[in-house]
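Only one structure is covered here, and it is reproduced in the block below.
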Amino acid sequence: MALTSSFFDEGTLIGVLTTQPLDRVLDYRAPEGGCHLGAFVEVPLGPRKVLGLVWGPGRGDYDLSKIRSVIRVLDAAPMREELMSFLTRAGDYTLTPMPAMLRLATRAPGLGDPPSMRKIYSLGDGIPDRMTDARTRVLDVLRDMGGLSLTLKELAEAAGVTTSVVKGLVKQGAVREEDSPRDMPFPTLDPDYAGKALTEDQTVAAATLRASVATRSYGTTLLKGVTGSGKTEVYLEAVAECLAQGRQALVLLPEIALTAEFLTRVDERFGAKPAEWHSGVTMTERRRVWKMTAQGGAQLVVGARSALFLPFRDLGLIVVDEEHDTSYKQEDGVLYNARDMAVLRASICGAQVILASATPSLESWANADAGKYQRLELTSRFGAAVMPEMRAIDMRNEQLPGSSWISPTLQRAVQQRLDNKEQALLFINRRGYAPVTICRACGHQIGCDHCDARMVEHRFLKRLVCHQCGETKPMPTTCPSCEAEDKLAAVGPGVERLAEEAQALFPEARLAVLSSDMFGSARALKAEIETIASGGADLIIGTQLVAKGHNFPLLTLVGVIDADLGLQGSDLRAAERTFQLMRQVAGRAGRADKPGQALMQTYQPEHPVIRAILSGDEQDFWTAEAGERRSAGVPPYGRLAGIILSSTDVQEVFDLGNALARNDGPLRRVGAQVFGPAPAPIARVRGRHRVRLLVKAPKGTALQPALAEWVKPFRLKGELRMAIDIDPQSFY
Ligand code: ADP
Ligand code: ZN
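Here the sequence shown stands for residues 1 to 732, numbered as in full-length UniProt numbering.
Put into structure tokens, the structure is as follows:
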């Protein structure tokens, strides 16, 4: 960005970026009173008024007599140049048009509205005519607040009275009622509130991180440590340093369900809760977070990947917890990886990044190896906890009746825990009851009408569900193909079916089933997790959801039903993912004082990945995996981009794919190769035919400009869509 000036006088030609899908910045005239670079404005566009951002001087290549004026400057802090630069570079990297980038940065409602008001209550000077218990409680609560105010609801709840008691005191002047803007700053966090005494390992890591944050400059640290080693405890010290510097911090978590536990820990460490940003947060609260990050009224934000696009006033630290987690990659809309974008934003605003994980991604492992990232390691679990013993159950030697999945060996192990009043977890990475429903008469498998995918039976929902498009239908009683009655049968296990088997084997056990589709809300899930953690269940049956960071102190046994499941795909990260997932799941066991055990059912105990998981020899595993990726020239030792074309017309989509493949000049010039077109592994989703091309290039290739030049001549007519996925994580 060539920036000439940061203020534009009234009438000056300015360029305004809007969130509308236009391929250029539009010229307008600065409004009365002028406007700042980065100001949020409302501009006329055709008959409409749309949100825009003052992006720079106007281009002046448009008929001057037709240029209109900005309608008004919105009541929001102008976007800082750091964020403008981040949006530009993230857009360039992901080949995303700028209007879509601006949409990411303005995901809060009513940004331009004047601050709405609400009533707040504090201690007044008046003396009530008579005192009651209820009145005394209200005044006591307010005295405790030391001059701070509460809302009516907060005050009534804290005092355990009805709101009319408060209102009565207001009338007598004993309680003061005032108007206050709704977007209030978040409570102040105190970096010195209550640090824990750290172990030697933790102290060293914390001191290193604090020193890095104190440099007030960019740097990335890979914080590796087994589950339960105290990574959170350690990175909270880095947050403390950041807050002490007067800068803001952002902690990204891969799963909303993890925030509740984290908020409590922040409260314990800093004496107040941080701001929260994710899909479960109300719109008014989102607006408050957005505004307060810009004004400095939020010191710490905990959130999902989109929190990276908040308008922080002075961001000094970004923590990416569970950095290997695939949910950091956004798989629709703007295809970005929040982990990589965190590093980009930090490098622009002079912040530190901490990538925390028990099982880092190969990308981060390689960056640390190459010296680009600092590496810190916590080797032992906190307190008496030790890593669980890992063993394979060789399924070739187990006697299992048809349609059951819990081997006799695993059954005995679970029974033993139940007898000892300890918890056990059975893990299967498959939602629903059964992955396949087949007709015993004709062999027909029930598929989705809109996708090339089987429908998955969900007994809990009493429906068949397509995991691709979300389409559901009731379970038919006759075969849709041959119309035979009562011949439809479930094939293969899902988490619900496993729960059924477990309940039959262990009739006395209290079961808890944890699968993402079984909870209507994050709150319900959180409540269930708390119940389990406090001993409200004996046997947990769960999907991937349980692998992520929850603390179950009573859990001493993890049984993996199918350790081979993830190894079947052709995905280049199949080995890495299986290794990470198995270690994460196993890490759930034995977190408190009792040692844990992990048993993995497998038909191929001699498979190198299974052997690596069992031996726990990570260095060996990563070295071997890195060697294979290096010789194949794939990430992190080569570059990939996925091109996904789709259309309702199968011919059209292949024609475009072939035309792209034939005209690959711009790619060849930079040494990149294109593969395909080929039907995508799931060749039809939501009625759209999907075709993939894969572009491969040596590491260090400037791939994006070549890709942009390559696709530019192709106009997408009618139903055709093209998505470019830089550094693809999924290949479906
Ligand atoms: P990780 O993030 O590596 O999984 P945590 O930070 O969650 O580990 O620590 C695991 C458990 O041990 C938590 O309950 C945490 O509060 C506790 N813990 C870790 N370090 C300490 C410490 N130095 N003092 C007291 N408790 C600790
Ligand atoms: Zn479908």
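We treat Cβ as the ideally placed atom computed from N, Cα and C, and that holds for glycine.
- The closest CA to that of lysine 699, considering only Ala672, Ile561, Ala159, is found on Ala672.
- At a cut-off of 7 Å, the beta-carbon of alanine 453 counts as near the ligand ZN: some heavy atom of the ligand is closer than that.
- The segment 17-31 makes contact with the segment 41-60: 3 or more CB pairs, one atom from each, lie closer than 8 Å.
- Non-local beta-carbon contacts of phenylalanine 621 in its own chain, meaning distances under 7 Å to residues more than five positions away in sequence, involve Phe579, Ala612 in chain order.
- Residues of the same chain with a CB within less than 6 Å of the CB of proline 608, apart from the 5 flanking positions on each side, do not exist.
- DSSP places cysteine 466 outside both helix and strand once states are collapsed to three, so it counts as coil.
- Scanning Ser306, Pro311, Lys372 for the CA closest to the CA of methionine 341 turns up Ser306.
- With the rule of 3 Cβ pairs closer than 8 Å, the segment 498-507 does not count as touching the segment 527-536.
- In this structure, threonine 221 sits away from serine 229, with a CB-CB distance that is not shorter than 8 Å.
- Listed in chain order, the non-local C-beta contacts of glycine 587 below 8 Å within the same chain comprise Val226, Thr227, Gly228, Ala358, Met387, Pro388, local neighbours out to five positions each way being set aside.
- Glycine 590 counts as buried, since at least 16 other C-beta atoms from the protein chains shown sit within 10 angstroms of its C-beta.
- Under the 10 Å beta carbon count, serine 217 is surrounded by fewer than 16 other beta carbons and is classified as exposed.
- For aspartate 562 and glycine 402, the gap between their C-alpha atoms comes out near 15 Å.
- Beta-bridge partners of threonine 220 (DSSP): Val353.
- Secondary structure within the segment 120-202: the beta strand (DSSP E) runs of 3 or more consecutive residues, fully enclosed, are 175-181 (chain order).
- With respect to the 8 Å criterion, alanine 105 and leucine 139 are not classified as neighbours on the basis of their beta carbons.
- The alpha-carbon of aspartate 571 is positioned some 8 Å away from that of serine 730.
- With a cut-off of 7 Å, the C-beta of asparagine 367 is classified as distant from the ligand ADP, since no heavy atom of the ligand falls inside that distance.
- Of the residues Met390, Ala298, Ser6, Leu514, the one whose Cα lies closest to the Cα of methionine 600 is Met390.
- Assignment of alanine 490 by DSSP, reduced to helix, strand and coil, places it in the strand class.
- Take the alpha-carbon of threonine 259 and the one of glutamine 423: they are about 24 Å apart.
- Of the other Cβ atoms in all chains shown, 16 or more fall within 10 Å of the Cβ of tyrosine 28; this residue is therefore buried.
- From the listed residues Pro128, Phe309, His450, Gly559, the smallest Cα separation to histidine 467 is found for His450.
- Bridge partners of tryptophan 277 according to DSSP: Gly303.
- For methionine 79, the secondary structure class from DSSP, reduced to helix, strand or coil, is coil.
- Taking 8 Å as the cut-off, the Cβ atoms of isoleucine 643 and leucine 660 count as close.
- When DSSP states are grouped into helix, strand and coil, cysteine 479 belongs to the coil group.
- When C-beta atoms of the segment 63-81 are compared with those of the segment 328-344, fewer than three pairs fall below 8 Å, so the two segments do not count as touching.
- DSSP, read as helix, strand or coil, puts arginine 692 in strand.
- For methionine 101, the enclosing alpha helix (DSSP H) has its first and last residue at 98-105.
- The closest heavy atom of the ligand ZN lies 7 Å or more from the beta carbon of cysteine 482.
- Relative to the ligand ADP, the beta carbon of glycine 195 is positioned no closer than 7 Å to any heavy atom.
- Here the alpha carbon of lysine 49 sits roughly 10 Å from the alpha carbon of valine 41.
- Residue state for methionine 582 is assigned as helix, using DSSP reduced to three classes.
- Distance from the CA atom of arginine 375 to the CA atom of threonine 208, rounded to whole angstroms, is 10 Å.
- 8 Å or more divides the Cβ of leucine 410 from the Cβ of valine 319.
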